[in-house]
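Engineer: This is the structure, below, for whatever I ask next.
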Amino acid sequence: MKNEVAYYPGCASHGIAKDVDIATQLIAKDLNLELVEVEDWNCCGGGFMDDKSEEIHTALNLRNLNKVKNMGYDKMATPCSVCLNSHRIAADKYEKDPELRENVDERLGRANIKYEGGVDSEHFIWVLIQDVGIDNIKSHVKKPLTGIKVGTYYGCQLLRPSSVMGFEPAHNPHSVMDLVAATGATPVAFPMKAACCGFPLMGSNPDVGLKMANNIFTNAKGNGAEMLVHPCSLCHLQLDATQLKIMDRFNQKWTMPTLYITQLIGLSFGYTPEQLGLGKIATNYLRSRGF
């Protein structure tokens, strides 16, 4: 019998980061998880609506959580750190701010929605660690990624604020490292593991956005990483798609293969780079290493 999980894919993984969703769905099936997509979900508004209107941003996220409750679930999983951060902060603000709560209730009421709480939001990697278990993941590994040194990047949204995110300490996270180790690869910690990737600046100040991404690559490489793995759909767009721009902008002669965490797990489960939707940089590197 499959374990059902309410699943919020988010806009990016239903669009230009579709490979995040593909890899997540593949390993979920192997691990006996049925990802039940949230009915009629809407964008979380993370990164733009939270700056424009706290009230609208909160209402958007609580609408999704209310959909989950109406489906009969008390937990929603997402593969995107920005989406996770948005939903958890919205629920926290609603609970703690009476004035905001009143305004959000009025706004939701105009759409015939009555938010009553009772639904938690979690990152998909939290589900993997808590509900599936590291030992169970290891038991599905068919092709251990032995000998590959993987920089473990968390990004700025998954860990902070720690009082709201709550899964692990922001100063000493271990979730991504634990999952990388389960694949047989060697996890590599580096100082900039929780720095912003620069994605939010690509529309307004791309030079700075590219520099922020390059700082992460350079720091990971300087600490011995051959590849980089991360847990966020938007970091995926920034750290995978911009590498040729970074080479050109900084006259750099090297790239760093970058994967979403479920793509790395999928490789160890025996899926090919093509099945997991990996980009050319990662695919070519893995082919050179025999994968």
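Okay, so the sequence shown: first residue is 1155 according to the numbering used here, each after it adds one.
Glycine included, C-beta positions come from ideal geometry on N, C-alpha and C.
Which stretch, first to last residue, makes up the alpha helix (DSSP H) that contains E1260?
Structural biologist: 1252-1263
Engineer: Go through its chain and collect everything with a Cβ distance to Q1324's Cβ below 6 Å, but skip five positions before and after it.
Structural biologist: Residue 1324 is actually Ala in this sequence, not Gln. So the qualifying residues of the chain are L1313, R1314, S1316.
Engineer: Three Cβ pairs or more, each shorter than 8 Å: is that satisfied between the segment 1264-1277 and the segment 1180-1197?
Structural biologist: no
Engineer: Under 8 Å by Cβ, that's how I've got L1430 and G1444 pegged, so tell me the actual separation to the nearest angstrom.
Structural biologist: Contact doesn't hold; Cβ gap of about 16 Å is too wide.
Engineer: Among residues of its own chain, excluding the 5 on either side of T1437, which ones have a beta-carbon nearer than 6 Å to its beta-carbon?
Structural biologist: P1427
Engineer: Please confirm whether C1351 and L1413 have their CB atoms less than 9 Å apart.
Structural biologist: Not closer than 9 Å, so no.
Engineer: For M1356, name the three-state secondary structure that DSSP assigns.
Structural biologist: coil
Engineer: Nearest to E1380 by CA position, among A1335, L1391, I1302, L1355, is which residue?
Structural biologist: I1302
Engineer: For S1207, does the count of other Cβ atoms within 10 angstroms reach 16, so buried, or fall short, so exposed?
Structural biologist: exposed
Engineer: Roughly how many angstroms lie between the CA atoms of D1251 and M1401, to the nearest whole one?
Structural biologist: 46 Å
Engineer: What does a CB cutoff of less than 7 Å around L1282 pick up in its chain, not counting 5 residues either side in sequence?
Structural biologist: I1291, L1333, listed in sequence order.
Engineer: Contact defined as beta carbons within less than 8 Å: I believe G1320 pairs with C1386. What is the distance between those atoms, to the nearest angstrom?
Structural biologist: The beta-carbon distance between G1320 and C1386, rounded to whole angstroms, is 17 Å. This is too long to meet the 8 Å contact definition.
Engineer: Give the straight-line distance between the Cα atoms of V1295 and L1355, rounded to the nearest whole angstrom.
Structural biologist: 38 Å
Engineer: Which of the three DSSP states is assigned to A1348 in this structure?
Structural biologist: coil
Engineer: Give me the DSSP bridge partner(s) of P1341.
Structural biologist: V1304
Engineer: DSSP three-state call for V1174: helix, strand or coil?
Structural biologist: Three-state result, V1174: helix.
Engineer: Report the rounded CA-to-CA distance for L1465 versus Q1284, giving the unit in angstroms.
Structural biologist: Any answer about residue 1465 is impossible in this case: the structure gives the chain only from 1155 up to 1445.
Engineer: Under 9 Å between the Cβ atoms of S1235 and Y1162?
Structural biologist: no
Engineer: Look at the alpha carbon of T1337 and the alpha carbon of C1165, and state the distance between them as a whole number of angstroms.
Structural biologist: 28 Å
Engineer: For the alpha helix (DSSP H) containing M1331, list its first residue and its last residue.
Structural biologist: 1329-1336
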